[in-house]
Amino acid sequence: MAFKIYTKTGDKGQTSLIGGTRIPKFDIRIEAYGTVDELNSTIGLVRDQQIDDHSKNMLIEIQDRLFTIGSLLAVDSSDSKMNLPQIFEADVELLEKEIDQMNDKLPEMKSFVLPGGHTTVSFCHMARCVCRRAERCVLKLNEKEPVNELIYKYLNRLSDYLFVLSRQFSKDLLAIETPWKPRL
Numbered sequence: 443m444a445f446k447i448y449t450k451t452g453d454k455g456q457t458s459l460i461g462g463t464r465i466p467k468f469d470i471r472i473e474a475y476g477t478v479d480e481l482n483s484t485i486g487l488v489r490d491q492q493i494d495d496h497s498k499n500m501l502i503e504i505q506d507r508l509f510t511i512g513s514l515l516a517v518d519s520s521d522s523k524m525n526l527p528q529i530f531e532a533d534v535e536l537l538e539k540e541i542d543q544m545n546d547k548l549p550e551m552k553s554f555v556l557p558g559g560h561t562t563v564s565f566c567h568m569a570r571c572v573c574r575r576a577e578r579c580v581l582k583l584n585e586k587e588p589v590n591e592l593i594y595k596y597l598n599r600l601s602d603y604l605f606v607l608s609r610q611f612s613k614d615l616l617a618i619e620t621p622w623k624p625r626l
């Protein structure tokens, strides 16, 4: 018999955390890991563009880390016996290293830039915005229940990475970076 994707257990507005605890689908915990899942899918859009192999491989690594973060957010916090993958300081450091390497080769920023210029660049900006929302959701969850600080630290650094990656793609694709010129 084939595995069925639907269980019907969520038909009344509840879902199960890893560990079995049932909570409403609108709970901030569900919002947090659901937004991380949305971020992962948005990064998939970036990865599906015509980009260099190094960036593709880095995005696959990031998607793996986001699955880890999602599982950590989905676990019942009262059930500490679960053996789950973890996020490490080295994951944050990898993002920082990648940011620095790209940034060293980019022109200095003299103003904010408007998102756009090329579809690939725009997808990066969309992912950056979803990443910021995921970070806000995780921080809101942290107000209710403690969350491993490496999770929101990683998300914070990831949004920076996605911004610098958008600039790198602008350069690679010869897209025009439009500076924001505030009307004062």
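All the letters of the sequence shown, read from the start, carry residue numbers 443 to 626 under the working numbering. Cβ atoms here follow ideal geometry from the backbone N, Cα and C, with glycine treated the same way. These numbers come from a predicted model, not from an experiment.
Pick from the options that is closest to residue i, judged by C-alpha positions
i: ASP602; options: GLU585, ILE541, GLN610, PHE611; result: ILE541
i: LEU481; options: ILE529, LEU616, ARG574, ILE460; result: ARG574
i: LYS586; options: GLY455, ASP495, ILE472; result: ILE472
i: GLN491; options: VAL580, HIS560, LYS595; result: HIS560
i: CYS566; options: PHE468, GLY486, VAL478; result: GLY486
i: VAL572; options: VAL478, HIS496, LEU508, ASP494; result: VAL478
i: ALA474; options: GLU535, ASP533, GLU577, LEU548; result: GLU577
i: MET524; options: LEU515, ILE465, PHE530; result: LEU515
i: VAL488; options: PHE605, ARG625, TRP622; result: PHE605
i: THR562; options: ALA444, PHE468, ILE465, SER497; result: SER497
i: SER622; options: VAL555, GLN610, ASN598; result: In the sequence on display, residue 622 carries Trp and not Ser. Of the listed residues, the one whose Cα sits closest to TRP622 is VAL555.
i: ASN598; options: VAL517, ASN499, LEU526, GLU535; result: GLU535
i: ASP495; options: PHE611, LEU626, TYR594; result: PHE611
i: ASN627; options: ARG609, GLY462, LEU537, LYS552; result: Beyond the ends of the chain as shown, which are 443 and 626, falls residue 627; an answer cannot be given.
i: THR620; options: ASP614, ASN584, SER608, PRO557; result: PRO557
i: LEU501; options: LEU600, LEU583, LYS450; result: LEU600
i: LEU583; options: SER564, GLY476, LYS539; result: GLY476
i: SER553; options: LYS539, PRO624, LYS467, PHE509; result: PRO624
Which of helix, strand or coil DSSP assigns to residue i
i: ARG625; result: coil
i: THR620; result: strand
i: LEU556; result: strand
i: THR484; result: helix
i: VAL589; result: coil
i: ILE493; result: coil
i: THR457; result: strand
i: ILE447; result: coil
i: ILE529; result: coil
Expected contact under 8 Å - CB spacing of residue i and residue j to nearest Å
i: ILE511; j: TYR596; result: 7 Å
i: ASP546; j: ARG507; result: Rounded, the Cβ-Cβ distance is 23 Å, inconsistent with contact.
i: ILE447; j: SER513; result: Not confirmed; about 19 Å, so no contact.
i: THR484; j: ALA569; result: 4 Å
i: LEU592; j: GLU531; result: 7 Å
i: ILE529; j: ASN590; result: 7 Å
i: MET544; j: LEU607; result: 7 Å
7 Å CB neighbourhood of residue i in its chain, flanking five on each side removed
i: ILE618; result: GLY559
i: PRO588; result: none
Range of the contiguous alpha helix (DSSP H) that encloses residue i
i: MET568; result: 561-586
Cβ neighbours of residue i in the same chain (closer than 6 Å, five flanking residues each side left out)
i: TYR594; result: GLU577, VAL580, LEU581
i: ARG609; result: LEU548
Cutoff 8 Å; reference residue i; Cβ partners in own chain excluding five residues on either side
i: VAL517; result: LEU459, ILE460, GLY461, MET524, LEU526
i: GLN505; result: ASN482, ILE485, GLY486, ARG489
Near the ligand NAP: residue i beta-carbon under 7 Å from a heavy atom
i: CYS571; result: The ligand NAP is not part of this structure, which contains no ligands at all.
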